[in-house]
Amino acid sequence: MPRLIFFGIAILLLVWITSHEDATRPYSLLDAFHGEGIRTKLHENLYCIGYNFLESRETFRESDGLEPVTLATHGTSDMLKTIENMPDMWDGPISIGLYLDSQTSNALDYLANVHRCILAFREKMTIHFAFKISAFQTTCPTVIVPKPSISCDDFLRDQEALRKSVSAPFTLYPCSLMRNVARWGAKSDIHFVMDGDMIVSEGMAQRVKKVANEMIDGHRKVVLLVRRFENDVGTVIPRSFPQLQEALRNNRLFSVPAQECAVIGSFYDGVTVPEFIQIYKLCRANYTFHLLSHVFDVHEGIKLAENTYSQAAANHQIQYARRGAKQRYEEEMNRLYPLTQEKCGVFKF
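Quick note on numbering: the sequence shown equals residues -20 to -1, 1 to 329 in mature numbering (1 follows the signal peptide of the UniProt record, and there is no 0).
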């Protein structure tokens, strides 16, 4: 069955994608383990990726014969509490890409204990990880799978303290890569891709399953969109439509406007590129969009300006990549899709 995907920026999209290349193929549970470890795989000579560190126990395949919708998301070690709460938010399978550095690998130990000791987490969660290789590293290691060193009773009693003992990362975060790691390792062919700090409306996986299976078939150039909102920090995050209406009336919630020319499509072959580039490319490929009215998602907090860290990252990209990459990308789009230039406008970072 073709791969399907939801995708998110100011709006979230559902699209069909082709099967990914062997270089990004996740291992099965049998070939992932090598001795007592997980073989990691080199990606673009920059990152090592380990799939299926933890695997969900439920398939969510029901008698209706419909493909389940997997929540494909990503994060770092400072989001462990958010990751723990995802099974309560999403009524289907979940695939997560966790990015690590040398100071945060103990996040795997912590999540392994959560997976072992909490049933809902074990039923829904599949976790993969990635880390950047060192300067002179040319191969990826086998990562030893830790054996439990604490009983579930002791872990649950001390869970908050154990979570706080895991360091926060200090590194540039490859969000596009981690989004794709979650997608490549998902256990179903329909993916709802979002950032890890988003909150979805109640029952989203079941609500969108039927229409996603009907409309996104790998042949039509169709994208399904989900509206995104942002709310004030400290206020109740709405998850139902009555709560959404109340928050809008009281000006606690703001709709994020759709990007110009928001699109995504069947040529999406697993290449790791940012969201806004995929969106523009789908517009140029002449996809059509359909807004789902019965679901939504919310981000806690309203971004008003770049912080120091994100501004530094942006300056780095401008200096080393963006100028030349933008010109090459525009030339490629004009060559591949010359008839849609006026429709989609000029590409902007």
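Idealized CB from N, CA, C, for every residue including glycine.
All figures in this text were calculated on a predicted structure; none of them were measured in a lab.
### For V146, the residue or residues it bridges with in DSSP
Taking the sequence shown and counting its residues from 1, one reaches residue 146 at position 166. DSSP, once it has assigned bridges, lists no residue as partnering V146.
### Cut-off 7 Å between Cβ atoms - residues of its own chain near Y153, not counting five sequence neighbours on either side
Here residue 153 corresponds to residue number 173 of the sequence shown, with the count starting at 1. For Y153, same chain residues with a beta-carbon under 7 Å away, outside a window of 5 residues either side, are T56 and Y79 in chain order.
### Task
Spatial neighbours of R143 within its chain, please: CB distance less than 7 Å, with the 5 preceding and 5 following residues excluded, ordered by chain position.
Within the sequence shown, residue 143 is the residue found at index 163, counting from 1. By the criterion of a C-beta distance shorter than 7 Å, R143 is surrounded in its chain by L60, K61 and Y90, once the five residues flanking it on both sides are discounted.
### Query
Using CA coordinates, which residue listed in E35, N25 and E311 is at the minimum distance from K167?
Mapped onto the sequence shown, residue 167 falls at position 187. Closest by alpha carbon: E35.
#### Entry: Residue ranges of each beta strand (DSSP E) within the region 86 to 119, 3 or longer
DSSP runs (the beta strand (DSSP E)) wholly in the region 86 to 119: 105 to 112.
#### Entry: DSSP bridge partner residues for A52 (one or two, in chain order)
Reading the sequence shown from its first residue, position 72 is the one you call residue 52. A52 is bridged by DSSP to S75 and V173.
#### Entry: Rounded straight-line distance, which links the Cα of D212 to that of F109
Start at 1 with the first residue of the sequence shown, and residue 109 comes out as number 129. Start at 1 with the first residue of the sequence shown, and residue 212 comes out as number 232. Distance from the CA atom of F109 to the CA atom of D212, rounded to whole angstroms, is 31 Å.
### Message
Check whether the region 311 to 325 and the region 263 to 280 touch, using three or more Cβ-Cβ pairs below 8 Å as the test.
### Response
Short answer: they touch.
### Query
Any idea which residues DSSP pairs D277 with across the strands?
On the sequence shown, position 297 is the one that residue 277 refers to. V180 and R208, per the DSSP bridge assignment.
### Query
Residue range of the beta strand (DSSP E) that I63 falls in?
Translated into positions along the sequence shown, residue 63 becomes position 83. Note, I63: premise wrong, no beta strand (DSSP E); alpha helix (DSSP H) at L60 to M69.
#### Entry: Neighbourhood of R219 by C-beta distance below 6 Å, restricted to the same chain and skipping five residues each side
In the sequence shown, residue 219 corresponds to position 239, counting from 1. Leaving aside the five residues that flank R219 on each side, the residues in its chain whose CB is nearer than 6 Å to its CB run, in chain order, S181 and E182.
### Query
Per DSSP, what kind of secondary structure is T215 in: helix, strand or coil?
Numbered from 1 along the sequence shown, position 235 holds the residue referred to as residue 215. Here T215 carries a coil assignment [DSSP, helix/strand/coil].
#### Entry: Span separating the alpha-carbon of L51 from that of L88
Counting from 1 along the sequence shown, the entry for residue 51 is found at position 71. Counting from 1 along the sequence shown, the entry for residue 88 is found at position 108. If I take the Cα positions, the gap works out to 20 Å.
### Task
Pick helix, strand or coil for I130, following the three-state DSSP scheme.
For this step, residue 130 is matched to residue 150 along the sequence shown. The DSSP-derived three-state label of I130 is coil.
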